[in-house]
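One structure is given here, and the rest of the page talks about it.
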Amino acid sequence: MTPTILEKVSLQSYNSLALPAEAEYFCSVENHSDLLAALAFARSRDMPVTPLGGGSNIVLAGDILGLVILVNLKGVSSRLENGSAYITFGAGENWHDQVQHCLQQGWYGLENLSLIPGNMGAAAIQNIGAYGVELGDLFVSLTAMNRLSGELVEFDRAACEFGYRDSLFKNAARDRYIIVDICLGLSLEPQLNIQYPALQALVDQHLATGAEITPELVSTMVCQIRREKLPDPSITPNAGSFFKNPVISQAKALQLAQQYPQMPRYAQANGDSKVPAGWLIEQCGFKGLQRGPVAVHQDQALVLVNLGGASGAQVLALGEEVRTAVLEHFEIALEIEPRVYGA
Ligand code: EPU
């Protein structure tokens, strides 16, 4: 049976920037046959398909033509094997709820990724990462439906070509599949990863009191750091980091380090350096800058916030202003991190 297909549906409550935009057609799919039927509907009318997860990493620049499919595929299953837990999550499961669920079960590894907004399926597309851990580190495989044939295809970690906020699904396989579930391999023994400076500082404070550091505590600390720095999208609409942290050559990094000895930078395996875009933006004097209903967040310059009533065009215009300033000041081209739809 075809899931109910609605016309002209507001997407404002389906995107964490709370931008006003309409889907020409919209449906929510709860199982594979719903998804097959929705894809067939779009194909029969020769219309584009836009899958939607938690809506936390998108900018809606205008209305979306064709069919928007809300991927509401739920379900979690697990098996224990060789000291690991292999858990398969429906793409529509909420990321943070599942991080908490895994911790409660004694399946470890996801604690540094606590409180990241969004759903499991999209997490794999952009290889979410925080505080020294990336999804790709724990990833086993995913199943995706080919949008044209309806065929289910499995991709292992190598096939997903994960990179920094990057995967096959943002490149060669872009717009070709809809992820239906992902499988992660977690440890049954705590595996703490506390090297990230902000996390290490909190851990040191706790160790000084004689307290034991557990994965649950690491999760609590990560939530604390995120709440201190990052605006809660349910209160101040935003899409997290608006830009990727740029990777620059060794020569460029050395030149900048002479000029700005305080510039944070992270050496990459090939000698390049990753530089925090938030720092670059702050140096340009943009932290807290407001343009109408859009602003650069006052505590984390990497995040653009909708103060109320903003349009996608206004968000993109401020993003462009920031990009131009960083380009002029540092000769570094920032790349927008969320996906832009309806442009
Ligand atoms: N910084 C500034 N000014 C700012 C923001 C940051 O000087 O306005 C400096 C900080 O002081 C620090 C450095 O930049 O020295 C890094 O800052 P932070 O630890 O806040 O991390 P980030 O590089 O800005 C990245 C991710 C975040 C992730 C954090 C923690 C990207 C694009 N962003 O931000 O991910 O939570 O590291 O691992 O890689 C997201 O993707 O939406 C996201 C929030």
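Read in our numbering, the sequence shown has 273 at position 273, and its numbers run on one by one without any break. All residues carry an ideal CB built from backbone N, CA and C; glycine is no exception.
Span of the beta strand (DSSP E) around residue i
i           : result
residue 142 : 139-146
residue 346 : Look at the range of the chain in this structure, 1 to 343, and you will see that residue 346 is not part of it.
residue 275 : First-last for residue 275: undefined, no H or E at that position.
residue 239 : 238-241
residue 10  : 6-10
Unbroken alpha helix (DSSP H) run spanning residue i, endpoints
i           : result
residue 160 : 157-160
residue 197 : 197-208
residue 319 : 312-330
residue 16  : Run containing residue 16: none; DSSP gives neither H nor E here.
residue 99  : 95-105
residue 40  : 32-44
Simplified DSSP state of residue i, which is helix, strand or coil
i           : result
residue 80  : strand
residue 183 : strand
residue 223 : helix
residue 248 : strand
residue 54  : coil
residue 281 : helix
residue 270 : coil
residue 303 : strand
residue 125 : helix
residue 342 : coil
residue 74  : coil
residue 290 : strand
residue 150 : coil
residue 193 : coil
residue 335 : coil
residue 253 : helix
residue 112 : helix
residue 60  : strand
residue 67  : strand
residue 136 : helix
The ligand EPU heavy atom lying under 7 Å from the CB of residue i
i           : result
residue 95  : no
residue 302 : yes
residue 55  : no
residue 43  : no
residue 321 : no
residue 165 : yes
residue 380 : Outside the displayed span of the chain (1 to 343) sits residue 380, for which this structure offers no information.
residue 264 : yes
residue 245 : yes
residue 282 : yes
residue 230 : yes
residue 241 : yes
residue 170 : no
residue 278 : yes
residue 201 : no
residue 38  : no
residue 131 : yes
residue 196 : yes
residue 252 : no
residue 74  : no
residue 8   : no
Assumed close pair residue i, residue j - CB separation to whole angstroms, cut-off 8 Å
i           : j           : result
residue 118 : residue 185 : No, residue 118 and residue 185 are not in contact; Cβ-Cβ is about 21 Å, not under 8 Å.
residue 194 : residue 213 : 7 Å
residue 20  : residue 311 : 7 Å
residue 64  : residue 76  : Their Cβ separation, rounded to whole angstroms, is 30 Å, which puts residue 64 and residue 76 out of contact at 8 Å.
residue 18  : residue 237 : 4 Å
residue 128 : residue 116 : 5 Å
residue 29  : residue 72  : 6 Å
residue 34  : residue 3   : 4 Å
residue 306 : residue 294 : 6 Å
residue 66  : residue 24  : 6 Å
residue 114 : residue 96  : 6 Å
residue 243 : residue 168 : Contact doesn't hold; Cβ gap of about 22 Å is too wide.
Cutoff 8 Å: residue i Cβ touching any chain D Cβ
i           : result
residue 286 : Structure shown: chain D not included; a single protein chain is present.
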